[in-house]
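Start counting the sequence shown at 490; every next residue gets the next number (our numbering).
First up is the structure itself, then whatever we jot down about it.
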Amino acid sequence: MLALEQRILSEGQNLGHGILKVDSFVNHQVDPGLMMECGREFARLFAPLGATKILTCEISGIAPAIMTGLALNLPVVYARKTKPVTMPDTVFLTTAPSHTKKRDVEIMASPEYLQAGERVLIIDDFLATGQTILALARIARAAGAEVVGVGALIEKSFEGGRAALQSLKAPIHALAVITDMRDGRIIFADGAA
């Protein structure tokens with residue numbers, strides 16, 4: 490998606506070691522107009538799948554997931570990293586490695602909002618190694634739900650995440666695919682740099 494690629498090139502920062510900082514428009518400060526455009530594109534791509542719920546992980550996945558939910562008129566559930574007192578004692582819980590925190594983090598979702606028979610669309614900010622998305626898929630499956638699609642704003646294809654997600658047997662779409670970040674560069678699959 491050209492608007493997202495242009496924003497990554499103008500404001501994204503390659504911090505090295507595969508870390509792309511997009512804090513100014515995705516996850517610390519959010520550009521709602523850009524996220525709405527991304528949500529509409531995800532809706533176009535995934536509408537035929539008949540999803541009944543969108544699942545993401547806090548915090549960076551919330552903005553694109555909410556806008557996709559708005560475009561598809563679907564509720565959005567986000568997996569939490571800390572358990573609030575309002576969450577039931579029994580939750581769907583798993584761990585996922587955090588690239589930016591450099592450790593595993595627990596993620597959990599309430600069985601109140603994720604149930605058997607649901608058709609779940611996973612939306613997240615990044616597809617890198619695929620481990621966070623696989624953790625979300627484990628939560629969905631623990632609930633008895635089916636993962637029907639996976640969307641990511643930004644894919645770093647050189648980290649192998651798409652291959653790791655093949656076991657989900659669900660369509661995967663990324664709105665901006667980065668193939669190379671060596672030497673401070675940001676190179677997209679479509680050749681833009």
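Built from N, CA and C at the ideal position, the CB exists for glycine as well.
- Three or more beta-carbon pairs separated by less than 8 Å link the segment 651-668 to the segment 616-627, which places the two stretches in contact.
- About 14 Å separates the CB atoms of A552 and R529; that is not less than 8 Å, and the two are not in contact.
- Comparing C-alpha distances from S646 to each of L664, A629, F514 and V637 shows the shortest one belongs to L664.
- Scanning its chain for C-beta atoms nearer than 6 Å, with the 5 sequence neighbours on each side dropped, one finds around G539 the residues R608, in chain order.
- In the displayed model, T584 falls within a strand according to three-state DSSP.
- Just measuring C-alpha positions, the residue of L523, I508 and P573 sitting nearest L491 is L523.
- Taking a C-beta distance under 9 Å as the contact criterion, F677 and E500 do not qualify as a contact pair.
- Spanning the alpha carbons of A632 and K591 requires a straight line of approximately 28 Å.
- For M597, the secondary structure class from DSSP, reduced to helix, strand or coil, is strand.
- Fewer than three pairs of CB atoms, one per stretch, sit closer than 8 Å, so the segment 609-616 makes no contact with the segment 570-580.
- Around the CB of I667, 16 or more other CB atoms lie within 10 Å, so the residue is classed as buried.
- Following the DSSP letters along the chain, one finds T557 inside the alpha helix (DSSP H) bounded by residues I551 to L561.
- An exposed status is given to I508, since fewer than 16 other beta-carbon atoms sit within 10 Å of its beta-carbon.
- Shortest Cα-Cα distance from G673 to any of D520, L498 and G505 involves G505.
- I675 sits in coil when the DSSP states are folded into three classes, being neither helix nor strand.
- Residue state for E547 is assigned as coil, using DSSP reduced to three classes.
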